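Asker: Protein chains in written order, with UniProt numbering: chain A, 1 to 372; chain B, 1 to 283; chain C, 1 to 277.
Got a structure for you, written out below as structure tokens; questions coming shortly.
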Amino acid sequence: MSSIPPDVASQTRPVGVQIDGVTKRFGDATALHEAWLKIGQGEFMTLLGPSGCGKTTLLNLIAGFLEADGGEIFVSGSLMTETPPYDREIGVVFQNYALFPHMSVAKNVGYGLRMRGVPKREIEQRVAEALALVKLAAFGDRKPRQLSGGQQQRVALARALVIRPKVLLLDEPFSALDKNLRGSMQVELKEIQRKLGVTTIFVTHDQSEALSMSDRIAVMSDGRIRQVGTPDEIYRRPLDPFVAAFVGDVNVLPARLERRLGDMATVALGEGRVQVRAETLDGLVPGAAVDLFVRPDAMRFADADGVLAGTVATHVYQGSHVDVLVDVPAARGGRVTVRVPGHEAPGRWPAGAHVSLDFAAGDAVAFASDAK
Amino acid sequence: MNKRPFLALFVTPAVLAALASAAALAAILQYAFRAYVPGSLDPGGFSLSNFEALLRPLYAQVFVQTVWICLLTAFITLVVAYPLAFALVRTRNVALKSFLLITAVTPLFLGEVVRTYSWIIVLGNTGFINSILMGLGLVERPVQMMFTTFGVVVALVHVTLPVMVIMLAAALSHIDVDYEKAATSLGAGPVKAFLTVTLPLSMPGVVAGVSTAFAWTFSAFATPQMIGGGRVSMISTLVYQLGFASFNFPFAAALSITGIALTFAVLAMAKQAIRPLEKIGAH
Amino acid sequence: MRRRLIPARIGERILKVAGWSVVALIVAFIILPAVVVAISAFNDRAILTFPPQSWSLRWFRRAFTYRDFAVGFQNGLIITAFASSIALVVGAGFAFAIDRYSFRGKRALEAMLTSPLVIPHFTIGLGFLILAAQVHATRTFALVIVCHVVLVLPFVMRSVYVSLRNLDGRLELAAASLGARPGMALWTVTLPLLIPGLFSGWLFAAILSFNEFTASLFVTAQATQTLPVAMYNYVREYADPTLAALSVIYIVVTAGLLTLANQFLGLGKVLNVEHAR
């Protein structure tokens with residue numbers, strides 16, 4: 001069993017959203033296999049995965065746009081499975097914002113309140129508050145098409161928040177924005193979410209976005225939730241080769257399991273020996289082939305007696321750091337990336353140099369090899 | 001949650017309208033198999049004589065002539081419409097685009113009578129073309145264009161042109177200009193790029209346009225009636241004569257049914273032809 | 001390199017000029033009858049001749065005072081108003097249903113309703129005529145209206161369907177997530193956004209119905225005669241340019257309506273020859 005409880009955060013606060021074995025099929029294809037997930041009240045949970053992994057399907061099921069083929073969904077303790085979307089009290093921010101083009105910004109934001117029959121005076125006041133919250137107080141009379149992408153994004157957020165939803169759902173909300181704007185919108189969204197304390201489910205395929213914004217991340221692929229954990233757990237202690245490869249860059253080194261001792265195991269990598277956690281090696285016997293996953297930033301150049309030997313192939317300058325690509329015959333794909341800070345790397349390890357590589361004992365994760 | 005709200009509300013009127021069309025078609029079908037009683041508007045009993053009569057050389061010839069006129073019109077229309085549709089889709093000048101669109105589409109909404117009448121003035125013996133030809137001394141006597149297949153086809157091309165332009169323009173507008181640019185960058189001249197890239201990609205639109213033009217021409221009545229003047233017969237004019245001159249509705253019905261069958265056969269053939277082409281166009 | 005480039009550029013030039021000349025010729029072919037009609041409409045003499053010897057407005061006066069035209073115009077307005085409005089309601093509802101739902105018989109129903117695009121109008125006219133005879137009904141307005149509804153329905157359906165396709169389905173989901181029930185979402189979001197498509201569908205239907213000739217010839221009686229039928233009967237009896245005058249009015253009004261439609265609705269998008277961004 002995993003040593004990381006998947007719902008460690010939700011044990012400390014009441015449950016906001018609970019997904020109990022939810023399954024969704026489209027024809028013969030299963031888009032979601034029995035998903036189980038508990039999201040704490042006020043928590044920022046990200047569903048992360050490549051396109052087609054089932055994350056948007058899960059979001060649509062929570063919103064009520066799709067009906068599940070099995071399982072139950074609870075929001076704040078009440079069963080939602082049979083509730084139509086218009087009675088769910090869930091705010092949604094769509095990928096393309098889905099602002100009503102024929103209504104002004106203020107009318108867009110006030111739409112949900114009008115549907116609830118809120119008195120006119122109160123609508124005006126709450127719309128003004130919501131627009132102030134997203135820093136668009138002066139834009140109420142504009143039409144959506146007169147706004148920039150970032151402004152439309154804020155209107156969509158205000159529209160979803162003004163109804164005081166029990167849950168806020170965001171479907172790839174930043175994918176249409178350019179890189180700089182995306183960064184500032186991420187910070188702003190995070191601050192607003194903190195301030196209001198609204199339970200938030202955020203769908204993205206962008207792993208750096210997920211790592212920077214989330215309280216916890218659920219990594220999905222092929223319609224299954226692979227791992228749930230804090231960004232640090234997901235990055236440093238992946239429980240699954242897919243998670244390790246999808247979140248961040250990784251070097252894969254074929255190795256062999258030598259022996260297990262309690263929580264730890266020893267793995268033979270060429271002539272060297274590496275200590276790894278045993279939790280990811282359930283069911284493997286000594287002698288089994290394993291893959292060692294090591295992040296580029298965990299790799300380092302050793303003086304002479306590292307566990308790997310190779311030849312520097314080329315350098316990729318990335319601004320704050322440099323990726324040194326090293327040809328290592330023993331590595332999967334014949335190549336290893338070493339991430340080093342600063343611009344002096346090309347001078348210290350020129351192309352063609354024979355180098356020795358090493359990594360710290362705690363920085364490697366081993367999985368059963370999927371290579372035959 | 002009801003996943004199909006308003007379904008009954010929205011579909012019921014459509015069902016009623018469909019029933020009305022179906023009833024009209026059923027009425028024709030039923031009459032086609034009834035005997036003609038001369039002098040009476042009511043048909044006689046069951047009979048296949050109407051379909052036997054279709055085989056008579058007189059009527060068979062009208063069928064052949066109709067199909068010939070339809071094919072001729074469809075292909076001439078294609079040749080005339082293609083450059084216009086191409087210009088319409090590719091020009092970046094907004095005013096010119098609007099002008100071409102309005103010019104191409106307006107005749108569609110004028111109705112057959114107005115358009116055909118205009119062509120009578122153009123083609124008539126004292127009409128526009130003959131006046132010019134005689135005024136310039138190019139001909140002694142008027143060139144006979146009224147009551148000829150040529151005159152009918154010219155007017156029919158004009159009648160069919162808008163729908164062909166619309167269908168071709170729809171197909172062309174779905175073709176990314178970058179394909180042609182890519183061809184040019186690979187060394188094809190503009191003509192070659194068009195012939196090897198754009199033209200093949202627009203083939204589904206061409207087939208759809210030609211088959212629709214065929215159906216429309218087949219349906220045309222005012223043009224062959226007014227310009228053909230009884231000397232160029234098509235199935236439509238024959239049906240009208242049978243119905244309103246001799247009140248032989250059973251035979252008119254049999255002709256109509258055969259006409260529909262012919263149209264559907266042509267459309268089905270066009271669909272078969274379009275199938276492999278759609279794979280080219282898919283992207 | 002340079003030497004090869006220049007002839008190529010000249011070749012492209014020539015191609016361009018030739019291309020536009022062809023387009024100009026085609027446009028001339030389309031416009032020619034309208035121009036000729038306009039000239040002859042102002043011709044003073046009763047026989048069609050070119051060029052006209054003297055000019056007059058008498059044919060316009062006659063077009064306005066000829067009784068059958070006035071009656072046909074009125075009949076046409078009545079029939080068009082009913083037929084296009086009924087077709088709008090029927091066609092818009094059904095276009096919505098085909099866009100959103102799957103139901104039994106959808107394909108068959110769609111095929112039946114679009115069949116007037118390929119079934120000759122004389123066949124449909126004959127069918128309704130025989131149908132009326134079978135139930136011993138006379139050729140009333142109702143018969144003409146039903147016939148016209150069937151004929152223009154495909155155009156309304158297409159126009160509304162294209163608008164629905166261009167509509168972002170997520171807008172309705174957004175409305176639902178904000179608490180709008182399906183009827184409310186339809187009324188406050190979908191319908192307002194469909195207005196251009198509904199209007200252009202109605203306009204197409206109205207113009208087509210008003211100008212429909214072949215089927216009308218079969219299903220109208222003396223009392224329900226529409227304008228095109230009256231015009232056709234006029235040509236059979238008289239050879240003077242009254243009809244040319246009427247045609248000019250027709251062309252001007254139709255082109256004007258379409259220009260307006262293009263201005264406000266974007267005809268290109270409605271006809272699907274250019275894409276909504």
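Ideal placement from N, C-alpha and C gives every residue a C-beta, glycine not left out.
Just so it is clear, the structure is predicted and the values come from calculations on it, not from any experiment.
1. Measure how close the beta-carbons of residue 256 of chain C and residue 92 of chain C come, nearest whole angstrom, since I'm counting them as under 8 Å.
2. For the beta strand (DSSP E) holding residue 317 of chain A, just list the boundary residues, first then last.
3. Which residues in the same chain as residue 1 of chain C place their Cβ atom closer than 7 Å to its Cβ, once the five residues preceding and following it in sequence are excluded?
4. Residue 231 of chain C versus chain A: which residues are under 7 Å apart at the beta carbon?
5. For a contact meaning CB atoms closer than 9 Å, what does residue 189 of chain C contact in chain A?
6. Roughly how many angstroms lie between the CA atoms of residue 45 of chain A and residue 57 of chain A, to the nearest whole one?
7. Do you know whose CA, among C:232, C:209, C:175, lies nearest residue 113 of chain A's CA?
8. Restricting to Cα atoms, I'd like to know which of B:40, B:261, B:270, B:220 is closest to residue 133 of chain C.
9. Is there a C-beta anywhere in chain C that falls below 8 Å from the one on residue 231 of chain B?
10. Rounding to the nearest angstrom, what Cα-Cα distance links residue 110 of chain A and residue 192 of chain A in this structure?
11. Counting pairs of Cβ atoms below 8 Å between the segment 74-89 of chain C and the segment 143-154 of chain C, do you hit three or more?
12. Is it true that the CB of residue 130 of chain C sits closer than 8 Å to the CB of residue 249 of chain B?
13. So, under 8 Å CB-CB, residue 295 of chain A and residue 327 of chain A are touching, yes? Tell me the CB distance rounded to an integer number of Å.
14. Any chance you could list the beta strand (DSSP E) runs of at least 3 consecutive residues sitting entirely within the segment 111-186 of chain A, in chain order?
15. Using a Cβ-Cβ cut-off of 7 Å (strictly less than) and excluding sequence neighbours within five positions of residue 101 of chain B, which residues of its own chain qualify?
16. Would a check of beta-carbon distances place residue 226 of chain B closer than 8 Å to chain C?
17. Just verifying my parser: in three-state terms, what is the DSSP assignment at residue 142 of chain B?
18. Does residue 95 of chain C come out as helix, strand or coil in the three-state DSSP assignment?
19. If we count the other Cβ atoms within 10 Å of its Cβ and call it buried at 16 or more, is residue 145 of chain B buried or exposed?
20. Grouping DSSP H, G and I as helix and E and B as strand, with all else coil, what is residue 10 of chain A?
21. Do you know how far the Cα of residue 45 of chain C is from the Cα of residue 33 of chain C?
22. Suppose you measure from the CA of residue 193 of chain C to the CA of residue 259 of chain C; what does that come to, to the nearest Å?
23. Tell me which same chain residues have a C-beta within less than 6 Å of the C-beta of residue 77 of chain B, skipping the five on either side of it?
24. Please give me, in chain order, every unbroken run of the alpha helix (DSSP H) with length at least 4 that falls completely inside the segment 38-65 of chain A.
25. Who are the neighbours of residue 17 of chain A on chain E, taking C-beta pairs under 9 Å?
26. Can you pull the chain B neighbours of residue 184 of chain C, defined as C-beta to C-beta under 7 Å?
27. Would a C-beta distance cut-off of 8 Å place residue 168 of chain A and residue 161 of chain A closer than the cut-off?
28. Along the beta strand (DSSP E) that carries residue 323 of chain A, what are the first and last residues, could you check?
29. Who are the Cβ neighbours of residue 268 of chain B in its own chain at under 6 Å, not counting the five residues just before and after it?
30. Classify residue 1 of chain A as buried or exposed, calling it buried when 16 or more other Cβ atoms lie within 10 Å of its own Cβ.
31. Assign residue 291 of chain A to buried or exposed, taking buried as 16 or more other Cβ atoms, counted over all protein chains shown, within 10 Å of its Cβ.
32. I believe residue 126 of chain C touches residue 218 of chain C by the beta-carbon criterion, under 8 Å. Please report the beta-carbon distance rounded to the nearest angstrom.
33. Return no unless some Cβ of chain B is closer than 8 Å to the Cβ of residue 56 of chain C.
34. Please classify residue 10 of chain C as buried or exposed, where buried requires at least 16 other C-beta atoms within 10 Å of its C-beta.
35. Enumerate in chain order the residues of its own chain whose CB-to-CB distance from residue 73 of chain B is below 7 Å, with the five nearest sequence positions on each side excluded.
36. Grab the span of the beta strand (DSSP E) containing residue 251 of chain A for me, first residue to last.
Answerer: By the coordinates alone:
1. In the third sequence, residue 256 of chain C corresponds to position 256, counting from 1. In the third sequence, residue 92 of chain C corresponds to position 92, counting from 1. Actually they are not in contact, since the Cβ atoms of residue 256 of chain C and residue 92 of chain C sit about 25 Å apart, beyond 8 Å.
2. For the purposes of this step, residue 317 of chain A is identified with residue 317 of the first sequence, where counting begins at 1. Element bounds for residue 317 of chain A: 308-317.
3. Here residue 1 of chain C refers to the residue found at position 1 of the third sequence. Caution is warranted here: a pLDDT of 44 is assigned to residue 1 of chain C, below 50, making its placement in the model unreliable, and the coordinate value is therefore given only provisionally. Same-chain partners within the cutoff: there are none.
4. Counted from its first residue, the third sequence places residue 231 of chain C at position 231. Those within 7 Å of residue 231 of chain C in chain A number zero; the least Cβ separation is about 42 Å.
5. Sequence index remark: in the third sequence, residue 189 of chain C carries index 189 (1-based). Within chain A, the residues near residue 189 of chain C are 100, 102, 103, 111.
6. Translated into the one-based positions of the first sequence, residue 45 of chain A becomes position 45. Translated into the one-based positions of the first sequence, residue 57 of chain A becomes position 57. Going by the C-alpha atoms only, they are around 16 Å apart.
7. Against the first sequence, residue 113 of chain A aligns to sequence position 113. Nearest option by C-alpha distance: C:175.
8. For the purposes of this step, residue 133 of chain C is taken as the residue at position 133 of the third sequence. Selected option, being the one with the closest Cα: B:40.
9. One-based indexing of the second sequence puts residue 231 of chain B at position 231. Cβ-Cβ to chain C under 8 Å: no for residue 231 of chain B.
10. Here residue 110 of chain A is taken as the residue at index 110 of the first sequence, counted from 1. Here residue 192 of chain A is taken as the residue at index 192 of the first sequence, counted from 1. Looking at the two C-alpha atoms, the distance is approximately 19 Å.
11. yes
12. For the purposes of this step, residue 249 of chain B is identified with residue 249 of the second sequence, where counting begins at 1. For the purposes of this step, residue 130 of chain C is identified with residue 130 of the third sequence, where counting begins at 1. The answer is yes: Cβ separation under 8 Å.
13. To locate residue 295 of chain A, count along the first sequence from 1; it is residue 295. To locate residue 327 of chain A, count along the first sequence from 1; it is residue 327. Their Cβ separation, rounded to whole angstroms, is 19 Å, which puts residue 295 of chain A and residue 327 of chain A out of contact at 8 Å.
14. 167-171
15. For this step, residue 101 of chain B is matched to residue 101 along the second sequence. Excluding residues within five positions, the ones whose Cβ falls inside 7 Å are 88.
16. Sequence index remark: in the second sequence, residue 226 of chain B carries index 226 (1-based). Closer than 8 Å: yes.
17. Locating residue 142 of chain B in the second sequence gives position 142, counting from the first residue. In this structure, residue 142 of chain B counts as coil in the three-state DSSP scheme.
18. As a position in the third sequence, residue 95 of chain C is number 95, starting the count at 1. Residue state, collapsed to three classes: helix.
19. The residue you call residue 145 of chain B lines up with position 145 of the second sequence. Residue 145 of chain B is buried by the Cβ-count criterion.
20. Sequence index remark: in the first sequence, residue 10 of chain A carries index 10 (1-based). Confidence in residue 10 of chain A is poor, its pLDDT being 44 and thus under 50, which makes the residue's placement too unreliable to answer from.
21. Residue mapping note: residue 33 of chain C aligns to position 33 of the third sequence, counting from 1. Residue mapping note: residue 45 of chain C aligns to position 45 of the third sequence, counting from 1. Computed Cα separation, rounded: 19 Å.
22. Here residue 193 of chain C corresponds to residue number 193 of the third sequence, with the count starting at 1. Here residue 259 of chain C corresponds to residue number 259 of the third sequence, with the count starting at 1. Using only the alpha carbons, I get a separation of about 22 Å.
23. Locating residue 77 of chain B in the second sequence gives position 77, where the first residue counts as 1. Correct list, in chain order: 157, 160, 161, 164, 213.
24. 55-63
25. Among the protein chains in the structure shown, which are A, B and C, there is no chain E.
26. The sequence position of residue 184 of chain C within the third sequence is 184, counting from 1. Near residue 184 of chain C there are no residues of chain B at all, since even the closest Cβ is about 11 Å away, more than 7 Å.
27. Here residue 168 of chain A is taken as the residue at index 168 of the first sequence, counted from 1. Here residue 161 of chain A is taken as the residue at index 161 of the first sequence, counted from 1. The answer is yes: Cβ separation under 8 Å.
28. Indexing the first sequence from 1 puts residue 323 of chain A at position 323. Its beta strand (DSSP E) spans residues 321-327.
29. The count along the second sequence starts at 1 and reaches residue 268 of chain B at position 268. Excluding sequence neighbours, residue 268 of chain B sits near nothing in its chain.
30. By one-based count along the first sequence, residue 1 of chain A stands at place 1. Model confidence at residue 1 of chain A stands at a pLDDT of 36, short of 50, so the residue's coordinates are unreliable; what they give is reported in the following sentence. By the neighbour-count rule (16 or more Cβ atoms within 10 Å), residue 1 of chain A is not buried but exposed.
31. For the purposes of this step, residue 291 of chain A is taken as residue 291 along the first sequence, with counting starting at 1. With 16 or more other Cβ atoms within 10 Å, it is buried.
32. If you number the third sequence from 1, residue 126 of chain C lands on position 126. If you number the third sequence from 1, residue 218 of chain C lands on position 218. Indeed they touch by this definition, with Cβ atoms about 6 Å apart.
33. Working through the third sequence from its first residue, we reach residue 56 of chain C at position 56. Taking Cβ atoms only, chain B never reaches closer than 8 Å to residue 56 of chain C, which makes this a no.
34. Within the third sequence, residue 10 of chain C is the residue found at index 10, counting from 1. With fewer than 16 other Cβ atoms within 10 Å, it is exposed.
35. As a first step, residue 73 of chain B must be located in the second sequence, where it is residue number 73. Taken in chain order, the residues that qualify are 153, 156, 157, 160, 213, 217.
36. Position 251 of the first sequence, counted from the start, is the residue given in the question as residue 251 of chain A. Here the beta strand (DSSP E) through residue 251 of chain A covers 251-261.
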